[in-house]
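Data block below; observations after.
Residue numbers (this note's numbering), protein chains in the order written: chain A, 1 to 408; chain B, 409 to 500.
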């Protein structure tokens, strides 16, 4: 015999206990209790209970076992008014869920009773399309994308490493990208600095990079710092950012950025390149990892190492390393996976089996900057620091260092 | 004890351009001494005038930093993989 809507609802009421929003709130004090919001994703986005699990009614039977494997757990279902969730409750009972409750009045009643709820970020149509591939990844999803859009990442240098990092962060929708550079685009940059362009030669790199970033993603706010980083200005610049990415090309800047990030407790995604080799890691002593000083207490003596301008670098190599730096920044922002804290990936791209190695790094308890008893608690003169090291009595200055600088 | 040493680009002029060389020794110090015999000039790039590891060079045995093992006295065994990783500054 054909059933009427009323008949179906009456049947459902016989199997699913109805509770008020107040009773639901009390039940949810018990961490065993779970609340399922069966409204459509469009309705969910407008606002929902903070602890709710979203399973639109149409997907309920297909997805509920994965989200709630234990059929004995108390399950509160709700929709907007209480009818769809009543039917959802009946379906759950049929699937063997033993303690199913329907929240009468649904989300509207919850809200009207002044109970707490949260609203996810509202994405525009454009954003929904632009980030659709991110939304498909469970580790990113709408929550993760919202984190990216709210994130602020600072690139130290808009050159070879900064190019891929800046472009990928922009494409990924990192809401604010800061750029520190004082240089202008040169023809010799374009073999590797893919954020710049031939028709922007002579333009400030920050301005050129801003154009490229906004051409990919007009939604990104670019903060330009057209200045040389110094011990005087760096703390003010990095203060507003969540993650710093080191794309610099010289030792004084690397030590300056490291020390400032240690003092400001900012995670620092780091990368460096030389010809066909490169490495990347994350320095974050605040999370137990080492800093650059733990790894290299002193720079190589000044004037001994060939620079990139002398030794060269394969154009694609910074693409690899800068992309890893961007990836690490995104992992940190999303809080997914294991960031490369205490691990350095080291690429020897001319090799086959030895193409990449992972080296284990450790925080040095005796580190002068991040150690247990730091001896240096403020920024110093890094040009002087890097100029003060000497090769020793037997050394000659010319071409004798293991370390390499690539200042242009 | 034969070990493999992975030589970074800036130091390959001491190894005739080769990126992996082998050497013998039971400690890292012995390995570096042996390296010096076959590739003269390399030791000075790794060790300072007091014979200690330079502060801008890291050496890893099987991926572990020797500063947190036993420095130059770290023991090595047959087939160990040694990586020399100098500070590099390049980014542009």
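We treat Cβ as the ideally placed atom computed from N, Cα and C, and that holds for glycine.
**Prompt:** In angstroms, rounded to a whole number, what distance separates the CA positions of residue 331/A and residue 499/B?
**Reply:** A direct Cα-to-Cα measurement between residue 331/A and residue 499/B gives close to 21 Å.
**Message:** Between residue 359/A and chain B, is the shortest Cβ-Cβ distance under 7 Å, so that the two count as touching?
**Reply:** With 7 Å as the cut-off, residue 359/A counts as an interface residue toward chain B.
**Request:** Would you please state the rounded distance, in angstroms, between the beta carbons of residue 320/A and residue 347/A? I believe it to be under 8 Å.
**Result:** About 6 Å separates the Cβ atoms of residue 320/A and residue 347/A, confirming a contact at the 8 Å cut-off.
**Request:** Determine the chain A residues that contact residue 422/B at a beta-carbon separation under 9 Å, and present them in chain order.
**Result:** Per Cβ cutoff of 9 Å: no residues; residue 422/B is ~10 Å from chain A at best.
**Contact with chain B by residue 362/A, beta-carbon distance below 7 Å** = True, the Cβ-Cβ gap to chain B drops below 7 Å.
**Message:** Give me the residue from 64/A, 85/A, 55/A with the minimum Cα distance to residue 13/A.
**Reply:** Answer by Cα proximity: 85/A.
**Request:** Please classify residue 457/B: is it buried, with 16 or more other beta-carbons within 10 angstroms of its beta-carbon, or exposed?
**Result:** Looking at its Cβ environment, which holds fewer than 16 other Cβ atoms inside 10 Å, residue 457/B is exposed.
**Request:** Report the residue from 272/A, 350/A, 380/A whose alpha carbon sits nearest the alpha carbon of residue 161/A.
**Result:** Restricting attention to 272/A, 350/A, 380/A, the CA atom closest to the CA of residue 161/A is found in 272/A.
**Request:** State yes or no: is the C-beta of residue 261/A within less than 7 Å of the C-beta of residue 363/A?
**Result:** Cβ distance not < 7 Å, so residue 261/A and residue 363/A don't count as in contact.
**Asked** Are the C-beta of residue 440/B and some C-beta of chain A separated by less than 7 Å?
**Response** It does not: the Cβ of residue 440/B has no partner Cβ on chain A nearer than 7 Å.
**Message:** Below 8 Å on the Cβ atoms is my contact criterion, and I expect residue 434/B with residue 481/B to pass it. Report the Cβ-Cβ distance as a whole number of Å.
**Reply:** Not a contact, Cβ separation roughly 10 Å.
**Cβ-based burial, residue 145/A [other Cβ within 10 Å; buried from 16]** = The residue is buried, with at least 16 neighbouring Cβ atoms inside 10 Å.
**Asked** What runs of the beta strand (DSSP E), each 3 residues or longer, lie entirely inside the segment 195-266 of chain A?
**Response** Listed in chain order, they are 221-225, 243-246.
**Item:** Secondary structure of residue 351/A, DSSP reduced to three states
**Value:** The answer is coil: DSSP assigns residue 351/A none of H, G, I, E or B.
**Interface positions of the segment 258-277 of chain A facing chain B (Cβ-Cβ less than 8 Å), listed along the chain** = Correct list: 271, 272, 273, 274, 275, 276, 277.
**Message:** Using the Cβ count rule (16 or more neighbours within 10 Å means buried), how would you classify residue 138/A?
**Reply:** The residue is exposed, with fewer than 16 neighbouring Cβ atoms inside 10 Å.
**Request:** Compare the beta carbon distance of residue 411/B and residue 472/B with 7 Å and say whether it is the shorter of the two.
**Result:** It is not a contact, given that the beta carbons lie outside the stated cut-off.
**Request:** Using alpha carbons as the reference points, say which of 181/A, 152/A, 46/A lies closest to residue 248/A.
**Result:** Nearest Cα to residue 248/A within the set 181/A, 152/A, 46/A: 181/A.
**Prompt:** According to DSSP, what are the bridge partners of residue 468/B?
**Reply:** DSSP lists 473/B, 491/B as the beta-bridge partner residues of residue 468/B.
**Prompt:** Nearest CA to the CA of residue 216/A: which residue from 45/A, 94/A, 130/A, 366/A?
**Reply:** Of the listed residues, the one whose Cα sits closest to residue 216/A is 130/A.
**Message:** Please classify residue 134/A as buried or exposed, where buried requires at least 16 neighbouring CB atoms within 10 angstroms.
**Reply:** It counts as buried.
**Asked** What residues from the segment 485-499 of chain B come within 9 Å of chain D, judged by C-beta to C-beta, listed N to C?
**Response** Looking at the structure shown, chain D is missing, and the protein chains on hand are A and B.
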